[in-house]
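I have placed the structure first, in the form of structure tokens, so that the comments after it can refer back to it.
Numbering (my numbering), first residue to last: 75 to 371.
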């Protein structure tokens, strides 16, 4: 590690980088400040074992872009994390685990928040996603929130086939690991279908994970097509292949790996030791927004 890298890592470490104003205090997008408009609600699904790693990475980076709009959904109480999120940590009481039931239970809670908030747009992401809020708003501005829109990215080449209610069913679904956005009009149509655990019960009946349950509900039952957004990215893609000149225009990036034998990380200058930046989100945030970060090119 050279002197510049070491100095950068030292400055950004001890107090969660609070001392470096240019890093954490990225101005909120003016579109989120418009009086009389409720533009955006974002939910992020996490779990207790990732509170000190993935969740903390989000708090220290892209959460700062829209702290009033982002909520983390988990399975335990955590006062420390909740304080850092300004009270936006929601314990779903879905129980610890990563089974279909746990996932559908959490998604049911996320959809209930969307229905309460009734923002123009409601978006779900996973805790191994980095989200560029400015680009997300740019993309959402291309669509009319008063019409039914189901935005995301499929990880399959064609529709999936399952044994659904009443027989075999084919439908498209947006991969939760890339991000999913729903218009206000569509969320309004989901209201009665998710109440009283309706979404959870549907997922249990179908025996599929949460993103597939949502696709079944929206694409098959409501007849709303999936609109693919290429700027959403999941762990099923080779993230390193996204060029540095393209990174500024992407909505979501992932640190999850489709191959357990090797990492799948964004290709940006490494500004922090791997031990402090395992997902490379801190280096990515630095690359996108901070003028105080050194030039490693």
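The beta-carbon is built from N, C-alpha and C at its ideal position, and this holds for glycine as well.
The stretch 166-175 in contact with the stretch 193-201 per 3-pair CB rule at 8 Å: no
Residue from 354, 338, 339 whose Cα sits closest to the Cα of residue 345: 354
Reduced DSSP secondary structure (H/G/I, E/B, other) of residue 179: helix
Interface flag, residue 266 vs chain B, CB-CB below 7 Å: Absent from the structure is chain B; it holds one protein chain and no more.
Ranges of the beta strand (DSSP E) found wholly within the stretch 242-295, counting only runs of at least 3: 254-257
DSSP state of residue 90 mapped onto helix, strand, coil: Legend: pLDDT at residue 90 = 38, less than 50; position of this residue unreliable, no value from coordinates given.
Identity of the residue in 242, 228, 214 nearest residue 222 by Cα: 214
Collapsed DSSP secondary structure at residue 96 in the structure displayed: Because the pLDDT at residue 96 is just 42, under 50, the model does not fix this residue reliably, and the value given afterwards should be weighed accordingly. Three-state DSSP puts residue 96 in a helix.
Contained alpha helix (DSSP H) runs [length at least 4] in the stretch 303-366, N- to C-terminal order: 318-321, 355-363
Where the beta strand (DSSP E) through residue 205 begins and ends: 203-205
Beta bridge counterpart(s) of residue 224 as assigned by DSSP: 256, 300
Rounded C-alpha distance that separates residue 184 from residue 117: 6 Å
Boundaries of the beta strand (DSSP E) in which residue 156 is found, first to last residue: It is not in any beta strand (DSSP E) - residue 156 instead sits in the alpha helix (DSSP H) that spans 153-158.
As assigned by DSSP and simplified to three states, the class of residue 132: helix
Residue(s) in a DSSP beta bridge with residue 117: 145, 198
Contact between the stretch 283-296 and the stretch 228-244 (3+ Cβ pairs under 8 Å): yes
Status (buried if at least 16 other CB within 10 Å, exposed otherwise) for residue 160: exposed
Where residue 209 sits in the DSSP three-state scheme: helix
Alpha-carbon to alpha-carbon, residue 349 and residue 361: 18 Å
For residue 163, the first and last residue of its enclosing beta strand (DSSP E): 163-165
C-beta atoms of residue 226 and residue 326 nearer than 7 Å: no
CB contact flag (residue 284, residue 177, <7 Å): yes
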